[in-house]
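K.L.:
Okay, handing you the structure first.
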Amino acid sequence: MFLVLACVAASAVQGAETRAAQQLAKSVSITWQEVPLGTALDRLAETQSLAIWRDRRVDPSTPITLSVADQPLAEVFAAIKQQAGVAATPYAGVIYVGPQQTADELATLAALARLTLENAPAASRAKWLKPQALNYPRLSEPRRLLTELASSVDAQIQNEQSIPHDLWPAAKLPSMAAIDRAVLWLAGFDLTCRLSQDGSQLEIVPIDRPIAIAKQYRVPNSRSAAFETALAELAGATSTGEESTPTITARVEDHERLRAALSGRPTGAVAAAAAMRAAGEQKKSSALGDRRFTLTIENKPLAPVLNQLAAQLNLQLEWDAAIPDSESGRNALVSCQVNKTDLDGLLKALLEPVGLTFERQENHVSIRQP
88 MFLVLACVAA SAVQGAETRA AQQLAKSVSI TWQEVPLGTA LDRLAETQSL
138 AIWRDRRVDP STPITLSVAD QPLAEVFAAI KQQAGVAATP YAGVIYVGPQ
188 QTADELATLA ALARLTLENA PAASRAKWLK PQALNYPRLS EPRRLLTELA
238 SSVDAQIQNE QSIPHDLWPA AKLPSMAAID RAVLWLAGFD LTCRLSQDGS
288 QLEIVPIDRP IAIAKQYRVP NSRSAAFETA LAELAGATST GEESTPTITA
338 RVEDHERLRA ALSGRPTGAV AAAAAMRAAG EQKKSSALGD RRFTLTIENK
388 PLAPVLNQLA AQLNLQLEWD AAIPDSESGR NALVSCQVNK TDLDGLLKAL
438 LEPVGLTFER QENHVSIRQP
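All residue numbers in the sequence shown are consecutive under this note's numbering, ending with 457.
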């Protein structure tokens, strides 16, 4: 286990955190009908001026069907998570999309890597922490990219053979510290890195879980209630020591929330994380009557369309037993085009043309024959 008693440095500058929070709060309108995930993320990056990093373990061919109108961008990522099983989180100026475990660990991995620079000469620290943009072409090899990254800061790589051979699509990455970029690239292989004392050697190592950083806090009486409330909400965090000077072992994002509770002023990172959490909860429990849908469906079997809609909106479908499971019943081909209609209007547009009707109570939909 990585356990460090030290002050935690944020993995991205405050400006990047604030921009991430602003981007996730931005309202967007999107209509995707079975769009491959890789294409969907590329479109988001282009139309919303986002830098999105897709983890190599994410299947870009996963189909995404989504319709949102004037909804926060965070809700789009929450919907993608429901359909593709991938998480999204802000990281050092990009939106990382990948496995939930890595999304939860990424900022802490970067903070731990940065801590290995603490005793390095100032010149070496400056090279590793200087933000720089980077473009690389299609079919780039990650092992070579990391070797070139180390060379650019006058360092060498140890254990580069532990990086499996892979070929990556072309990418344009925004300004990012070299150490943060190394952590981002390695995370997709379940690897991370640490630096030698002089900063001249970048050692590639497996991720040793659980990932956590320990920090001691001084909690004044006036903020103790807020601090304890925030601590209780952190899954996996542990506390030892006196109540007024506890040592908390947790992820970087958790420490950000605790510091925000002490100061009463949420940081950009906390705001961005809160936007993601709120969007995820809204996907589960928002009032369905307030949702609006814009989409076009052409000659698709009814049941799969409704099942996908149910998965996206957390609906419970109940079919009348009299409706046959055939092309004349549940799998009848349907076509419809709706523009900013509510859920009832969408269901009506799908069901009426094939001679079916429905009743809805919140998220329970009963499909019947007239």
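Glycine included, every Cβ here is placed at the ideal spot set by N, Cα and C. All of these numbers come straight from a predicted model, not from anything done at the bench.
By how many angstroms is the C-alpha of E414 removed from the C-alpha of S373?
P.N.:
Confidence at S373 is low in this model, with a pLDDT of 48, below 50, so the placement of that residue should be treated as unreliable; the coordinate-derived value is given next. Looking at the two C-alpha atoms, the distance is approximately 34 Å.
K.L.:
Can you tell me the Cα-Cα spacing of H451 and L438, whole angstroms?
P.N.:
Using only the alpha carbons, I get a separation of about 16 Å.
K.L.:
Just verifying my parser: in three-state terms, what is the DSSP assignment at P391?
P.N.:
Correct three-state label for P391: helix.
K.L.:
Would you be able to state if there are at least three C-beta pairs under 8 Å between the region 264-276 and the region 317-329?
P.N.:
No: the two stretches stay apart, fewer than three of their Cβ pairs being nearer than 8 Å.
K.L.:
Look at the Cβ atom of T336, then the Cβ atom of G328, and state whether they are nearer than 7 Å.
P.N.:
No, the pair does not count as a contact, with Cβ atoms beyond the cut-off.
K.L.:
Check each candidate in L199, R144, A200 and L402 and name the one with the smallest Cα separation from Q188.
P.N.:
For the residues L199, R144, A200 and L402, the minimum Cα distance to Q188 belongs to R144.
K.L.:
If you follow the beta strand (DSSP E) that D157 is part of, which residue opens it and which one closes it?
P.N.:
That run of the beta strand (DSSP E) goes P150 to P159.
K.L.:
Buried or exposed: which applies to P229, given that a residue is buried once 16 or more other Cβ atoms fall within 10 Å of its Cβ?
P.N.:
Label assigned to P229: buried.
K.L.:
Going by beta carbon distance, what residues of the same chain come within less than 7 Å of T444, once the five residues before and after it are set aside?
P.N.:
Hits under 7 Å: L438, R455 and P457.
K.L.:
The alpha helix (DSSP H) spanning E315 covers which residue range?
P.N.:
Its alpha helix (DSSP H) spans residues S311 to A319.
K.L.:
For A258, list the residues DSSP reports as bridge partners.
P.N.:
Note: A258 sits in a beta bridge opposite Y223.
K.L.:
Suppose contacts are defined by Cβ-Cβ distances below 7 Å. Is L434 in contact with N386 by that definition?
P.N.:
It is not a contact, given that the beta carbons lie outside the stated cut-off.
K.L.:
Contact between the region 176-184 and the region 260-272 is defined here as three or more beta-carbon pairs at a separation below 8 Å; is this criterion met?
P.N.:
Yes, since at least three Cβ pairs between the region 176-184 and the region 260-272 fall closer than 8 Å, the two stretches touch.
K.L.:
Do I167 and V122 count as a contact pair if the criterion is CB distance below 7 Å?
P.N.:
Cβ atoms of V122 and I167: not closer than 7 Å.
K.L.:
For the region 268-340, list the alpha helix (DSSP H) runs that are entirely contained and at least 4 residues long, ordered along the chain.
P.N.:
For the region 268-340, whole alpha helix (DSSP H) runs of length 4 or above, ordered along the chain, are 311-319.
K.L.:
Pull up the DSSP beta-bridge partners for Q135, would you.
P.N.:
Bridge partners of Q135: none, in fact.
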